[in-house]
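Engineer: Chains as they are written, first to last, in this note's numbering: chain Y, 25 to 177; chain C, 270 to 743. Note that the Cβ used here is the ideal one computed from N, Cα and C, for glycine as well. Take a look at this one; I'll ask things after.
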Amino acid sequence: MKITRLNTNQRWLVKQLIVIGLILLASTSLVACGREKSTNTGNLKVTLIPASGKDGQAVTVQLTDADGQPVTAAVVSIEGNMQHAGMAPVMANGVRDEADGAKDGKYPVPFSFTMLGDWVLTVSIQRADGTKVEQDINATVNEQGVTVKTTSQ
Amino acid sequence: MINSLQNRRVQIDILRVPLLGRFLVWKHGRTAAQIVLFALAAAIIVDGLFGSQLAPKNVATVAAWVHYRGLVAFALLIAGNLFCASCPFMLPRKLAKWIGRPTRRWPKLLRNKWLALIGFVGIIYSYELFDLWASPWLTAWLTIAYFATAFVLEAFFTRDSFCMYVCPLGTFNFLYSTISPLKISARNLNTCRDCKGHECINGSATQQGCQLELFVPTLKSNLDCTLCLDCVKACPYDNVALAVRPPGDELFRQNWPNRLDLALLAIFSAFLATLNAFGMTPPVYDLEAKLATLLVTSHESIVLGLIYIIGAILWPLTLTYSAAWLSKTLVASPLSLNRLVMRYAYGFVPLGFAIWSAHYLFHFLTGFMTIIPAFQTFFAQTLGWALLGEPNWELARRFVPTVDAIQIIQTSIIYVGLLAALALTFNSARKAHRDRSKALLEALPWLILVFLLIFASGAIFLLPMEMRGSALGG
Numbered sequence: 025m026k027i028t029r030l031n032t033n034q035r036w037l038v039k040q041l042i043v044i045g046l047i048l049l050a051s052t053s054l055v056a057c058g059r060e061k062s063t064n065t066g067n068l069k070v071t072l073i074p075a076s077g078k079d080g081q082a083v084t085v086q087l088t089d090a091d092g093q094p095v096t097a098a099v100v101s102i103e104g105n106m107q108h109a110g111m112a113p114v115m116a117n118g119v120r121d122e123a124d125g126a127k128d129g130k131y132p133v134p135f136s137f138t139m140l141g142d143w144v145l146t147v148s149i150q151r152a153d154g155t156k157v158e159q160d161i162n163a164t165v166n167e168q169g170v171t172v173k174t175t176s177q
Numbered sequence: 270m271i272n273s274l275q276n277r278r279v280q281i282d283i284l285r286v287p288l289l290g291r292f293l294v295w296k297h298g299r300t301a302a303q304i305v306l307f308a309l310a311a312a313i314i315v316d317g318l319f320g321s322q323l324a325p326k327n328v329a330t331v332a333a334w335v336h337y338r339g340l341v342a343f344a345l346l347i348a349g350n351l352f353c354a355s356c357p358f359m360l361p362r363k364l365a366k367w368i369g370r371p372t373r374r375w376p377k378l379l380r381n382k383w384l385a386l387i388g389f390v391g392i393i394y395s396y397e398l399f400d401l402w403a404s405p406w407l408t409a410w411l412t413i414a415y416f417a418t419a420f421v422l423e424a425f426f427t428r429d430s431f432c433m434y435v436c437p438l439g440t441f442n443f444l445y446s447t448i449s450p451l452k453i454s455a456r457n458l459n460t461c462r463d464c465k466g467h468e469c470i471n472g473s474a475t476q477q478g479c480q481l482e483l484f485v486p487t488l489k490s491n492l493d494c495t496l497c498l499d500c501v502k503a504c505p506y507d508n509v510a511l512a513v514r515p516p517g518d519e520l521f522r523q524n525w526p527n528r529l530d531l532a533l534l535a536i537f538s539a540f541l542a543t544l545n546a547f548g549m550t551p552p553v554y555d556l557e558a559k560l561a562t563l564l565v566t567s568h569e570s571i572v573l574g575l576i577y578i579i580g581a582i583l584w585p586l587t588l589t590y591s592a593a594w595l596s597k598t599l600v601a602s603p604l605s606l607n608r609l610v611m612r613y614a615y616g617f618v619p620l621g622f623a624i625w626s627a628h629y630l631f632h633f634l635t636g637f638m639t640i641i642p643a644f645q646t647f648f649a650q651t652l653g654w655a656l657l658g659e660p661n662w663e664l665a666r667r668f669v670p671t672v673d674a675i676q677i678i679q680t681s682i683i684y685v686g687l688l689a690a691l692a693l694t695f696n697s698a699r700k701a702h703r704d705r706s707k708a709l710l711e712a713l714p715w716l717i718l719v720f721l722l723i724f725a726s727g728a729i730f731l732l733p734m735e736m737r738g739s740a741l742g743g
C-alpha cells in the first residue's frame with residue numbers, strides 16, 4: 025500500500041486539529057465536573073436565628089421536622105467561613121438542645137462573627153440515630169447587624 | 270548608548286552575588302522557577318474545580334487573590350518583575366511553538382498597550398461582577414483561560430506578543446517594575462560598541478535573544494522587560510548586568526517614550542486601584558442600589574458596568590484632560606494636551622502602586638498563614654493524600670497583625686506614594702521650565718489631582734471593608 029506523505033501545511037493543520045481536539049475534550053470533561061456539593065438534610069428544616077446586633081456571641085439554630093415539630097435529640101455545631109479568601113474559619117463546638125435550659129428544638133450555639141462581610145455558616149447536625157447532616161447557610165454581617173440570606177431545608 | 274553599569278554611582282550587579290547570581294544565569298534557572306509556579310497553577314486549577322468551594326479553604330482563591338497579589342507588590346518593591354521572570358503561562362511556549370511554527374508578527378495596529386489596558390479593566394470588572402474572590406471554580410477557569418490564551422497566541426505570533434501586548438498581569442508588572450530597584454544594564458559600553466552580533470537581541474546558536482526586542486545598551490526603562498535574562502545568557506562577552514538603581518530612577522529621568530497609551534495606562538491604573546478598593550466598601554452597595562432604581566434594572570452587570578465606565582474611564586479622562594487644559598492655560602503652553610498628559614503621567618506610577626499595595630497588603634497580612642491549611646486541605650481532602658497532615662486552621666490565626674497595625678502600614682504606604690508622586694510632578698515641571706514659579710503654576714492642577722486621588726484612597730481604606738472583612742469594631 026502506498027503511503028501518502030503529508031506536506032508541511034497539512035502536517036501543521038493536523039497538529040492544530042489534534043491540539044484543538046484535546047483542548048475541547050479537556051474543557052468538556054472539566055465543565056462536566058459538578059462544583060456544587062450536595063447537602064441532604066432529609067426532612068429536617070434548619071433555621072438560623074442570629075442574636076441581635078453585629079457582635080452577638082451566639083446564634084440559635086432551630087430544628088423542626090416535616091410536620092413542623094421541634095427536633096430535640098440532636099447535637100448542633102457550626103463552622104463559619106467568610107466568602108473572601110484569606111480568613112480563618114470560626115468554629116463552634118456541638119451543643120445539645122437543653123443547653124439553654126429548654127427542650128424546644130432551639131440550639132444556642134456559641135458562635136460569634138469576627139468580621140464584617142459575607143459568611144457561609146455550615147451547620148452540622150448529629151442526630152440521635154447517629155446520622156450526620158450538614159446545611160450551608162449564607163449570612164451577611166454589617167454595621168446594622170446580621171442578615172440571614174438563605175435558610176433552606 | 271546610555272544603559273551601563275559604568276554610569277552608575279553605586280555599581281552593584283546582582284548576577285555577581287555568590288549562589289544567587291549562579292542560579293540566575295544557570296541555563297535552566299528560569300525553567301526551574303517556572304516549574305514551581307506551574308505546579309502552583311496546576312494546584313489552583315485542580316482544587317478550584319474539584320475541591321471545596323469555600324473560598325477561604327481553597328488553594329485557588331487563597332493563592333490567587335491573597336498571596337499572589339501581595340507577593341507581586343512586595344517583589345516589585347524590593348526587586349523587580351519576578352513574576353514575569355518565572356511566569357508559568359510561558360512554560361508551554363515551546364510546545365506552542367512546535368505546534369504553530371509562528372511566523373506572523375503581531376499586527377502593527379495593536380503594538381501598544383491599549384489591548385492590555387482594556388484587558389486589565391476587564392479583569393478588575395469581572396473580579397467585582399462575578400465575585401471571583403469568592404469562587405474557586407471561576408478562579409480555576411480564569412487560570413485555564415489564561416493558559417489557553419497564552420498558548421494560542423504563542424502558537425501564532427512571534428516575539429512574545431502575548432507578554433508585550435495582551436497580558437493584563439504582565440502589564441501591571443511592567444508598569445510598576447518602573448519603580449523597582451533592579452534593571453538590566455550593560456556592564457561596559459565599549460564592549461557593546463564593538464559587538465557585531467548583538468546576541469542579546471538576536472540570540473546565538475544555543476540561546477535565544479530578547480523576545481521582546483529590547484536592546485540592552487539602549488534600554489532606558491523596565492517597561493516590557495520580563496527579567497527572563499535571555500540577554501544575559503546570550504551575550505558572548507558576559508557583558509549584561511542586573512544592576513541596582515535607585516527606586517523609580519527612570520521615572521525621575523522621564524525615560525519613557527512619548528506614547529499616550531503608556532501615559533494613560535499609568536493614570537488609569539491609579540484610578541482603577543481606587544475604584545477596586547471602593548468596590549469593597551458599604552457605600553458602593555448604596556450606589557449600586559440607587560443606580561439600579563434609576564436605571565430600572567436588577568442586572569448587576571449593567572449597574573457595575575456603568576460604575577466602571579464612569580469611574581475607570583470617563584472620570585479619569587475628564588480629570589486628566591481638565592488638568593492638562595488648566596496647565597496649558599495657566600502658562601500659555603504651546604504643547605498639546607496629550608503631551609502634557611505624557612509629561613505628568615509619571616507621578617501616577619508611585620501613586621497607583623501605593624494604592625494597589627495598601628489594598629493587597631491588607632489581604633496578604635490578614636491571610637498570610639491561611640495558605641498552609643489551604644494546602645493541607647487540598648492534599649488531604651481534594652487529592653485524598655494527607656501529605657502535609659490534616660488541615661490545622663488554628664495556624665491561620667497566627668501572626669495576624671491587629672487592624673490598627675494594618676491601617677498604620679496602609680497609611681504609611683499611601684504617604685510614601687503621595688510624596689513620590691508630588692516629587693515626580695515637581696520634577697516633570699522643573700525639567701520643562703527653568704522658571705520655578707512657572708513650573709509650579711503648570712504643575713498645580715496635577716498636584717491637586719494627585720491630592721484628590723490620595724485623599725479618596727485614604728478615605729476608602731478607613732471605611733469598613735465588607736467583602737474583604739474588617740474586624741468588628743475596627
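By the 7 Å beta-carbon criterion, what residues does the stretch 642-671 of chain C contribute toward chain Y?
Structural biologist: Interface annotation for the stretch 642-671 of chain C against chain Y: Trp-662, Ala-665 and Arg-666, criterion Cβ-Cβ distance under 7 Å.
Engineer: For Phe-307 (chain C), which option in C:Phe-319, C:Arg-278 and C:Ile-413 has the closest C-alpha, if you only look at C-alpha atoms?
Structural biologist: Nearest of C:Phe-319, C:Arg-278 and C:Ile-413 to Phe-307 (chain C), Cα basis: C:Ile-413.
Engineer: For Trp-323 (chain C), would you say it is in contact with chain Y, using Cβ-to-Cβ distances shorter than 8 Å as the test?
Structural biologist: Trp is not the amino acid found at residue 323 (chain C); the sequence shown has Leu there. Interface residue, yes.
Engineer: Which residues in chain Y have a C-beta closer than 9 Å to the C-beta of Trp-334 (chain C)? List them in chain order.
Structural biologist: His-108, Ala-109 and Gly-110
Engineer: Asn-105 (chain Y) versus chain C: which residues are under 7 Å apart at the beta carbon?
Structural biologist: Leu-323, Pro-325 and Lys-326
Engineer: Roughly how many angstroms lie between the CA atoms of Ile-729 (chain C) and Ile-683 (chain C), to the nearest whole one?
Structural biologist: 12 Å
Engineer: Check whether the Cβ atoms of Ala-98 (chain Y) and Pro-132 (chain Y) lie closer than 8 Å to each other.
Structural biologist: No.
Engineer: How many Å lie between Gly-298 (chain C) and Arg-699 (chain C) at the Cα?
Structural biologist: 43 Å
Engineer: Leaving out five residues before and five after Arg-744 (chain C) in sequence, what residues of the same chain have Cβ atoms less than 8 Å from its Cβ?
Structural biologist: Since the displayed chain C opens at 270 and closes at 743, residue 744 (chain C) lies outside it and no answer follows.
Engineer: I need the straight-line Cα distance from Lys-764 (chain C) to Tyr-396 (chain C), nearest angstrom please.
Structural biologist: This structure does not reach residue 764 (chain C), given that chain C is present from 270 up to 743, and the question cannot be answered.
Engineer: Using the rule of at least 16 other Cβ atoms within 10 Å of the residue's Cβ for burial, across every protein chain shown, is Asn-350 (chain C) buried or exposed?
Structural biologist: buried
Engineer: Could you tell me if Asn-471 (chain C) is buried or exposed, where buried requires 16 or more neighbouring beta carbons within 10 angstroms of its beta carbon?
Structural biologist: Exposed: under 16 other Cβ atoms inside 10 Å.
Engineer: Whole angstroms is fine: what's the gap from His-467 (chain C)'s alpha carbon to Cys-504 (chain C)'s?
Structural biologist: Here the alpha carbon of His-467 (chain C) sits roughly 8 Å from the alpha carbon of Cys-504 (chain C).
Engineer: Compute the Euclidean distance between the alpha carbons of Thr-155 (chain Y) and Ala-725 (chain C), then round it to the nearest angstrom.
Structural biologist: 54 Å
Engineer: Only counting runs of 4 or more residues, tell me where the alpha helix (DSSP H) segments fall wholly within the stretch 568-618 of chain C, in order along the chain.
Structural biologist: 569-577, 584-600 and 606-613
Engineer: DSSP puts Ala-512 (chain C) in a beta bridge; with which residues?
Structural biologist: C:Asp-282 and C:Lys-452
Engineer: In chain C, which residues lie less than 9 Å from Pro-157 (chain Y) when you measure between Cβ atoms?
Structural biologist: Note that residue 157 (chain Y) is Val in the sequence shown, not Pro. Going along chain C, no residue has its Cβ under 9 Å from Val-157 (chain Y), so there is no contact; the nearest lies around 17 Å.
Engineer: List the residues of chain Y whose Cβ lies closer than 8 Å to the Cβ of Gly-548 (chain C), in chain order.
Structural biologist: Per Cβ cutoff of 8 Å: no residues; Gly-548 (chain C) is ~12 Å from chain Y at best.
Engineer: Counting only beta-carbon separations shorter than 8 Å, does Cys-625 (chain C) have a partner in chain Y?
Structural biologist: According to the sequence provided, residue 625 (chain C) is Trp. The question's Cys does not apply to it. It does not; no Cβ of chain Y falls within 8 Å.
Engineer: Would you mind working out which of Y:Ile-149, Y:Gly-92, Y:Pro-113 and Y:Ala-123 sits nearest Thr-138 (chain Y), comparing C-alpha positions?
Structural biologist: That would be Y:Pro-113, whose Cα lies nearest to the Cα of Thr-138 (chain Y).
Engineer: Measuring CA to CA, which of C:Gly-686, C:Val-672, C:Ala-592 and C:Leu-657 is closest to Leu-710 (chain C)?
Structural biologist: C:Ala-592
Engineer: In the DSSP assignment, the alpha helix (DSSP H) including Asn-459 (chain C) goes from what residue to what residue?
Structural biologist: DSSP places Asn-459 (chain C) inside the alpha helix (DSSP H), whose first and last residues are 458-463.
Engineer: In chain C, which residues lie less than 7 Å from Pro-113 (chain Y) when you measure between Cβ atoms?
Structural biologist: Pro-325 and Trp-662
Engineer: Please report the distance separating the alpha-carbon of Asn-162 (chain Y) from that of Pro-74 (chain Y).
Structural biologist: Near 12 Å, if we compare the C-alpha coordinates of Pro-74 (chain Y) and Asn-162 (chain Y).
Engineer: Within the 8 Å Cβ cut-off, does Asn-117 (chain Y) reach chain C?
Structural biologist: Chain C contact via Cβ: absent.
Engineer: Against chain Y, does Val-618 (chain C) count as a neighbour if the rule is that its beta carbon must be under 8 Å from one of theirs?
Structural biologist: no
Engineer: Listed in chain order, which residues of the stretch 525-552 of chain C have Cβ atoms closer than 8 Å to some Cβ of chain Y?
Structural biologist: Pro-551
Engineer: Which residues in chain C sit within 8 Å of Val-133 (chain Y), going by Cβ to Cβ distance?
Structural biologist: For Val-133 (chain Y), there are no neighbours in chain C by C-beta distance under 8 Å, as the nearest C-beta there is about 18 Å away.
Engineer: Measure the C-alpha to C-alpha separation of Cys-57 (chain Y) and Pro-325 (chain C) and round it to an integer number of angstroms.
Structural biologist: Confidence in Cys-57 (chain Y) is poor, its pLDDT being 46 and thus under 50, which makes the residue's placement too unreliable to answer from.
Engineer: How would you call Glu-122 (chain Y), buried or exposed, if buried means at least 16 neighbouring beta carbons within 10 angstroms?
Structural biologist: exposed
Engineer: Runs of 3 residues minimum, wholly inside the stretch 470-544 of chain C: which ones carry the beta strand (DSSP E) assignment?
Structural biologist: 509-513
Engineer: Which two residues bound the contiguous alpha helix (DSSP H) that contains Ser-101 (chain Y)?
Structural biologist: It is not in any alpha helix (DSSP H) - Ser-101 (chain Y) instead sits in the beta strand (DSSP E) that spans 98-106.
Engineer: Quick check: the Cα distance between Ala-623 (chain C) and Gly-686 (chain C), rounded to an integer number of angstroms?
Structural biologist: 5 Å
Engineer: Give the residues of chain C in contact with Val-172 (chain Y), contact being defined as C-beta atoms less than 9 Å apart.
Structural biologist: Neighbours of Val-172 (chain Y) on chain C: none; closest Cβ ~16 Å, over 9 Å.
Engineer: Please list the partners that Val-144 (chain Y) has in chain C, where partner means a Cβ-to-Cβ separation under 8 Å.
Structural biologist: Within 8 Å Cβ-Cβ: Leu-323.
Engineer: Shorter than 8 Å from the beta carbon of His-628 (chain C) to some beta carbon of chain Y?
Structural biologist: no
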